[in-house]
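*Asks:* If you scroll down you'll find the structure; I have some questions about it.
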Amino acid sequence: MRTMRRRWLVGAALPVLALVGVTAAPAAAIPPATPALPAPPDAGSSSVPVGEDSEVTFDSGGLTFHGSLRAPAQPKPGVAALLLPGSGPTDRNGNQTGIVSDTLRRIADGLAVQGIASLRFDKVGAGATGLAGLTPEQLAEYGFTDQVDHAAAAAELLTERTGVPAERLVLLGHSEGGLTALALAHRGIGHGGLGLLAPLPMRYLDLLSAQLHTQLDAAVGSGRMPAADADAVRASLRASVESLRTTATVPAEQDPTLARAGLNSTNARFLAEADALDPVDLAASVAAGTPVLLTCSDKDLNVSCGQVTALREALGHANTTFAHLANASHLLDELGPFPPSTLDVLVPLPESTEFAAVLRDWSAQLGG
């Protein structure tokens, strides 16, 4: 049987250029640097379940998805939230193989404290949903539009179970999930509230390119890659982005480094469809007055606070709460006084105290 190697980069659970495939182990596209400082010590997990999870399933596009419906002990009427995961084979809790952060489970806990029911689900390639019988050829046909369709089906289930109309649901998307949330909002779903948590702040391929350039600069600066080799990768990257945007394909002569970084034929359709959506344009179309939570962090290695500026400005017409965090990782873990490291994802860390407080205060106002 052929091994299915679908890889993701932007907003993945692993920081910049650490790649995760559906069945493949993490791999690096550029020679990794030795961290200057160790990752923070194992602090365990601060995730304490609040309320009760029920196993649920829903169908979309001929696939069956598995998830958890969180029922708070004291539910607030008229409010329910759909939690949307980041990129890659991410499960309902926000985890991937070998990486347990419980990002989405912790969010469900925080919402439950405020009496807000929530639904989270395993994406294709993760958890109980798994590959759902998809062949390698079918995986290559899987696009971002499919992902949004699946999220819309999840919203329909949440409406059925809670009675909250789809247009009044709250959407909280982490990383790539922020783009999914904006796409759903554009379809008229989720005007009850919109959480954009360390979201994609620009077009998909623009952010991917920015991440690659950062890694290439670091590799050249540390002597791990000759400047000429890096320049060749940059030139190939420009050609690949142009090809994806015009033909939804990658060039046959593409630098192999880029294929390992996720710019390959298996991901071409997904990348092209995701890149066609500009988060800034979608944010500008969010209904006026919609409660929005937008976060960034100084210690996020995937998305910088500077990159989020345009997204923040586009949300000026909404009821936007902007949270500029100081010590949260991209996974919304607590880094405290430690500098961010590419190894942070391998260490069990507690939830960011800053983020937990922001989520508490913002969600307490929902449905009022």
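What the sequence shown shows, in mature numbering (1 follows the signal peptide of the UniProt record, and there is no 0), is residues -27 to -1, 1 to 341, in sequence order.
Glycine included, C-beta positions come from ideal geometry on N, C-alpha and C.
This structure is a prediction, so every number in the text was calculated from the model and none was measured.
#1: Note down, in chain order, each residue of its chain lying with its Cβ closer than 6 Å to the Cβ of Ser270, except the 5 sequence neighbours on either side.
#2: With a cut-off of 8 Å on the beta carbons, I'd call Ala128 and Leu142 a contact; round off their distance for me.
#3: Less than 8 Å separating the beta-carbons of Ala44 and Glu28?
#4: Would you list the residues sitting across from Gln69 in a DSSP beta bridge?
#5: Ser209 by DSSP, collapsed to three states: which one?
#6: How many whole angstroms separate the CB atoms of Val214 and Ser182, which I take to be in contact at a CB cut-off of 8 Å?
#7: Residues in the same chain with beta-carbon distance under 7 Å from residue 347, minus the five sequence neighbours each way, listed in chain order, please.
#8: From His123, Gln69 and Asp122, pick the residue whose C-alpha is nearest to that of Ala99; which is it?
#9: For Val146 and Val320, what's the separation of their Cα atoms in angstroms?
#10: Locate the beta strand (DSSP E) running through Thr37, then write down its first and last residues.
#11: Just the Cα atoms here: how many angstroms apart are Ser336 and Thr315?
#12: So for Thr30, helix, strand or coil by DSSP?
#13: Could you give the distance in angstroms between the alpha-carbon of Phe311 and the alpha-carbon of Asp32?
#14: Start and end of the beta strand (DSSP E) containing Ser91?
#15: Indicate the three-state DSSP secondary structure (helix, strand or coil) for Gly194 in the structure shown.
#16: Taking only three categories from DSSP, how would you classify Ala260?
#17: Considering Cα atoms alone, identify which of Lys96, Pro109 and Ser148 is closest to Leu305.
#18: For the structure I just gave you, are there three or more beta carbon pairs, one from the stretch 217 to 237 and one from the stretch 97 to 112, closer than 8 Å?
#19: Determine the direct distance from the alpha carbon of Leu180 to that of Gly282, and round the result to whole angstroms.
#20: What are the start and end residues of the beta strand (DSSP E) that includes Ala168?
#21: If we ignore side chains and look at the alpha-carbon of each, how far apart do Gly168 and Leu244 end up?
#22: Starting from the N-terminal side, write out each stretch of the beta strand (DSSP E) that is 3 residues or longer and does not extend beyond the stretch 80 to 138.
#23: Contact defined as beta carbons within less than 8 Å: I believe Leu267 pairs with Thr293. What is the distance between those atoms, to the nearest angstrom?
#24: Roughly how many angstroms separate the alpha carbons of Ala291 and Thr63, rounded to a whole number?
#25: Does the stretch 170 to 180 come within contact of the stretch 246 to 263, defined as at least 3 CB pairs closer than 8 Å?
#26: Per DSSP, which one or two residues make a beta bridge with Glu25?
#27: Tell me whether the beta-carbon of Gly59 lies closer than 8 Å to the beta-carbon of Gly150.
#28: Could you check the C-alpha separation between Ala191 and Pro313 for me, to the nearest Å?
#29: Please state whether the Cβ-Cβ distance between Pro224 and Ala241 is less than 8 Å.
*Replies:* Let me spell this out:
#1: Residue mapping note: residue 270 aligns to position 297 of the sequence shown, counting from 1. Sequence-distant partners of Ser270 (beyond 5 residues in either direction) whose C-beta falls short of 6 Å from its own C-beta, in its chain, are Leu298 and Ala301.
#2: As a working mapping, residue 128 is identified with position 155 in the sequence shown. As a working mapping, residue 142 is identified with position 169 in the sequence shown. Taking a contact as a CB-CB distance under 8 Å, the pair Ala128 and Leu142 counts as one, their CB atoms being some 6 Å apart.
#3: One-based indexing of the sequence shown puts residue 44 at position 71. One-based indexing of the sequence shown puts residue 28 at position 55. No, the Cβ-Cβ distance between Ala44 and Glu28 is not below 8 Å.
#4: Sequence index remark: in the sequence shown, residue 69 carries index 96 (1-based). Per DSSP, Ile72.
#5: Locating residue 209 in the sequence shown gives position 236, counting from the first residue. In the structure shown, Ser209 sits in a helix (DSSP, three-state: H, G or I).
#6: Within the sequence shown, numbered from 1, the residue matching residue 214 stands at position 241. Within the sequence shown, numbered from 1, the residue matching residue 182 stands at position 209. A Cβ-Cβ distance of about 6 Å is found for the pair Val214 and Ser182, placing them in contact under the 8 Å criterion.
#7: What the structure shows of the chain is the stretch from -27 to 341, and residue 347 is not part of that stretch, so it cannot be assessed.
#8: Looking up residue 99 in the sequence shown gives position 126. For Ala99, the nearest C-alpha among the options comes from Gln69.
#9: Residue numbering aside, residue 146 sits at position 173 when the sequence shown is read from its first letter. Residue numbering aside, residue 320 sits at position 347 when the sequence shown is read from its first letter. The question names Val, but residue 146 is Gly in the sequence shown. Cα to Cα, Gly146 sits roughly 23 Å from Val320.
#10: Residue mapping note: residue 37 aligns to position 64 of the sequence shown, counting from 1. Note, Thr37: beta strand (DSSP E), Leu36 to Ala44.
#11: Against the sequence shown, residue 336 aligns to sequence position 363. Against the sequence shown, residue 315 aligns to sequence position 342. Whole-angstrom Cα-Cα distance: 31 Å.
#12: Within the sequence shown, residue 30 is the residue found at index 57, counting from 1. Reduced to three states, the DSSP call for Thr30 is strand.
#13: Here residue 311 refers to the residue found at position 338 when the sequence shown is read from its first residue. Here residue 32 refers to the residue found at position 59 when the sequence shown is read from its first residue. Cα-Cα distance, rounded: 43 Å.
#14: In the sequence shown, counting from the first residue as 1, residue 91 sits at position 118. Where Ser91 is concerned, the enclosing beta strand (DSSP E) stretches over Ala90 to Phe94.
#15: Position 221 of the sequence shown, counted from the start, is the residue given in the question as residue 194. When DSSP states are grouped into helix, strand and coil, Gly194 belongs to the helix group.
#16: For this step, residue 260 is matched to residue 287 along the sequence shown. Coil at Ala260, not helix or strand.
#17: For the purposes of this step, residue 305 is taken as the residue at position 332 of the sequence shown. If we check each option's Cα against that of Leu305, Ser148 comes out closest.
#18: Too few Cβ pairs lie closer than 8 Å, so no.
#19: In the sequence shown, counting from the first residue as 1, residue 282 sits at position 309. In the sequence shown, counting from the first residue as 1, residue 180 sits at position 207. Checking the displayed sequence, the identity of residue 282 turns out to be Thr instead of Gly. Each residue's Cα considered, the two are about 14 Å apart.
#20: Residue numbering aside, residue 168 sits at position 195 when the sequence shown is read from its first letter. Checking the sequence, you will find Gly at residue 168 rather than Ala. Start and end: Gly166 to Leu170.
#21: By 1-based counting over the sequence shown, the position of residue 168 is 195. By 1-based counting over the sequence shown, the position of residue 244 is 271. Roughly 23 Å between the two C-alpha positions.
#22: As far as the stretch 80 to 138 is concerned, its whole beta strand (DSSP E) runs of at least 3 residues are 90 to 94.
#23: Residue numbering aside, residue 267 sits at position 294 when the sequence shown is read from its first letter. Residue numbering aside, residue 293 sits at position 320 when the sequence shown is read from its first letter. With 8 Å as the limit, Leu267 and Thr293 qualify as a contact, their Cβ atoms being about 6 Å apart.
#24: Here the question's residue 291 lines up with position 318 in the sequence shown. Here the question's residue 63 lines up with position 90 in the sequence shown. Ala291 and Thr63: Cα-Cα distance of roughly 29 Å.
#25: Contact between the stretch 170 to 180 and the stretch 246 to 263 is present, with at least three C-beta pairs closer than 8 Å.
#26: Within the sequence shown, the letter at position 52 stands for residue 25. In DSSP, Glu25 forms a bridge with Ala44.
#27: To locate residue 59, count along the sequence shown from 1; it is residue 86. To locate residue 150, count along the sequence shown from 1; it is residue 177. It is a contact, given that the beta carbons lie within the stated cut-off.
#28: Sequence index remark: in the sequence shown, residue 191 carries index 218 (1-based). Sequence index remark: in the sequence shown, residue 313 carries index 340 (1-based). If you take the alpha carbons of Ala191 and Pro313, they lie about 15 Å apart.
#29: For this step, residue 224 is matched to residue 251 along the sequence shown. For this step, residue 241 is matched to residue 268 along the sequence shown. No, Cβ-Cβ distance for Pro224 and Ala241 is not below 8 Å.
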